[in-house]
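Novice: Would you mind keeping the following structure in view while I ask a few things?
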Amino acid sequence: MGPERAAFLSQARSDYQLFLFLRVQSQPPCHWLHYLQMCTEKVAKAYFWDTSTPPGDGGHRYFVSFMTYVSGITKVRNGLGLATLSELRNYIRPLIPIARGIEALSPSVAGERENVEYPFPRSSPVTAPIDHPQFAVEPLLIGPDGVVFLAFLDRLFEQFDDWF
Amino acid sequence: MQIAETVAPDVSREGFAHWIASQHLDIDSNLVVVYYLPTGAPAREVRLIEVNQSLALSNRAGPFEALDFSVDVDGLERFTVLVAEVTPSEWEALTKKELAPPCGWSLESRVAFGRPETD
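If you read the sequences in order, they're chains A and B.
The numbering used here numbers the first residue of the first sequence as 0 and each following residue consecutively.
The numbering used here numbers the first residue of the second sequence as 48 and each following residue consecutively.
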């Protein structure tokens with residue numbers, strides 16, 4: 000593992016622990032969603048650091064690409080106890096909308112829409128994330144696919160070194 | 048969508064590109080079409096542009112960033128796979144040369160891989 004991947008993975012794991020802590024403490028969703036967005040972005044960037052296309056400066060759209068990539072990886076399939084890549088795709092497919100919802104929480108990806116860091120919409124920033132009643136991804140996270148998604152994240156952070 | 052679990056050792060570059068594109072189309076219902084761009088690519092490199100209607104429209108000026116999606120198949124990395132994601136409007140701008148593709152990429156001789164019903 001290269002030093003950049005190791006550093007990004009280390010920070011992602013720490014962000015993930017903060018996400019879990021804030022969520023279990025019932026802190027406002029904007030805060031734990033912020034850490035969820037950051038840890039998923041960083042773990043994806045960690046992966047791409049050791050490829051021919053290390054992440055550029057300032058980009059935030061890596062996690063969905065990473066999840067798509069993961070759906071074709073034999074070691075991930077084996078690690079999840081699945082028999083075929085088709086089964087792995089069936090496992091990952093419902094998680095893609097959740098991944099997109101999390102990726103879209105970054106202000107630069109959100110554009111005019113809701114984000115977890117700054118008042119929005121960008122052109123008339125009158126709603127603070129802390130006062131936003133519900134983010135679009137929240138119902139997805141508490142549904143059955145959300146349970147699978149969070150279980151997958153657990154496995155991802157545990158198994159990253161073996162899978163990649 | 049029925050997709051082969053693996054590919055033959057002597058699979059062509061276009062055949063490999065189609066296999067990867069089929070997997071991506073299968074997993075993401077918002078993926079509209081995948082374009083395979085062979086012109087100017089090194090012999091062992093697969094270049095794909097994926098047009099996805101769920102991407103946030105972020106007014107990117109390009110050139111677009113490609114990401115390395117290379118996978119081991121039966122223990123071998125057959126081809127380097129590079130993927131750039133764009134929105135439908137960005138794709139339209141690319142075809143009109145209002146936006147630039149990833150550096151060194153060409154849209155000439157592109158091959159479209161769609162869903163079975165849209166092939």
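Just so you know, even glycine gets a beta-carbon here, dropped at the ideal spot from N, CA and C.
Below 7 angstroms between beta carbons: does that hold for A:P128 and A:C29?
Specialist: Numbered from 1 along the first sequence, position 129 holds the residue referred to as residue 128 of chain A. Numbered from 1 along the first sequence, position 30 holds the residue referred to as residue 29 of chain A. Yes.
Novice: Rounding to the nearest angstrom, what Cα-Cα distance links B:S101 and A:A11 in this structure?
Specialist: Residue numbering aside, residue 101 of chain B sits at position 54 when the second sequence is read from its first letter. Residue numbering aside, residue 11 of chain A sits at position 12 when the first sequence is read from its first letter. Cα to Cα, B:S101 sits roughly 25 angstroms from A:A11.
Novice: Tell me which same chain residues have a C-beta within less than 8 angstroms of the C-beta of B:V54, skipping the five on either side of it?
Specialist: Taking the second sequence and counting its residues from 1, the one referred to as residue 54 of chain B is at position 7. These residues qualify, in order along the chain: G62, F63, W66, V120, R125.
Novice: Residues in the same chain with beta-carbon distance under 7 angstroms from A:C38, minus the five sequence neighbours each way, listed in chain order, please.
Specialist: Working through the first sequence from its first residue, we reach residue 38 of chain A at position 39. Answer for A:C38: A11, D14, Y15, F18, listed in chain order.
Novice: Can you give me the Cβ contacts of A:V147 inside the same chain, cut-off strictly under 8 angstroms, excluding the 5 residues immediately before and after it?
Specialist: By one-based count along the first sequence, residue 147 of chain A stands at place 148. Answer for A:V147: Y90, P93, L94, listed in chain order.
Novice: DSSP beta-bridge partners for B:A88?
Specialist: On the second sequence, position 41 is the one that residue 88 of chain B refers to. In the DSSP output, where bridge partners are listed per residue, B:A88 has none listed.
Novice: For A:Q36, count neighbouring Cβ atoms within 10 angstroms of its own Cβ and tell me buried if that reaches 16, exposed if not.
Specialist: Position 37 of the first sequence, counted from the start, is the residue given in the question as residue 36 of chain A. Label assigned to A:Q36: buried.
Novice: Assess, as a yes-or-no matter, whether the segment 132-151 of chain A is touched by the segment 56-65 of chain A under the definition of 3 or more beta carbon pairs within less than 8 angstroms.
Specialist: In short, these stretches do not touch, since the Cβ pair count stays below three.
Novice: So for A:T83, helix, strand or coil by DSSP?
Specialist: Here residue 83 of chain A refers to the residue found at position 84 of the first sequence. If DSSP states are grouped into helix, strand and coil, A:T83 belongs with coil.
Novice: Quick check on the DSSP output: the beta strand (DSSP E) that includes B:Y83 runs from which residue to which?
Specialist: Walking along the second sequence from the start, residue 83 of chain B turns up at place 36. 78-83 is the extent of the beta strand (DSSP E) around B:Y83.
Novice: Tell me, to the nearest whole angstrom, how far the beta carbon of A:T52 is from that of B:L78; I am working on the premise that it is less than 8 angstroms.
Specialist: Residue numbering aside, residue 52 of chain A sits at position 53 when the first sequence is read from its first letter. Residue numbering aside, residue 78 of chain B sits at position 31 when the second sequence is read from its first letter. Rounded, the Cβ-Cβ distance is 19 angstroms, inconsistent with contact.
Novice: Go ahead and label A:F163 buried or exposed: buried means 16 or more other beta carbons lie within 10 angstroms of its beta carbon, across all protein chains shown.
Specialist: Within the first sequence, numbered from 1, the residue matching residue 163 of chain A stands at position 164. Answer is buried; the Cβ neighbour count reaches 16.
Novice: Determine the direct distance from the alpha carbon of A:W31 to that of A:R22, and round the result to whole angstroms.
Specialist: Taking the first sequence and counting its residues from 1, one reaches residue 22 of chain A at position 23. Taking the first sequence and counting its residues from 1, one reaches residue 31 of chain A at position 32. If you take the alpha carbons of A:R22 and A:W31, they lie about 6 angstroms apart.
Novice: If we count the other Cβ atoms within 10 Å of its Cβ and call it buried at 16 or more, is B:E139 buried or exposed?
Specialist: Against the second sequence, residue 139 of chain B aligns to sequence position 92. B:E139 should be labelled exposed.
Novice: By the DSSP assignment, the beta strand (DSSP E) with B:V133 in it spans what residues?
Specialist: Counting from 1 along the second sequence, the entry for residue 133 of chain B is found at position 86. Its beta strand (DSSP E) spans residues 127-133.
Novice: Would you say B:S153 lies against chain A (beta-carbon separation less than 7 angstroms)?
Specialist: Sequence index remark: in the second sequence, residue 153 of chain B carries index 106 (1-based). No, no contact with chain A.
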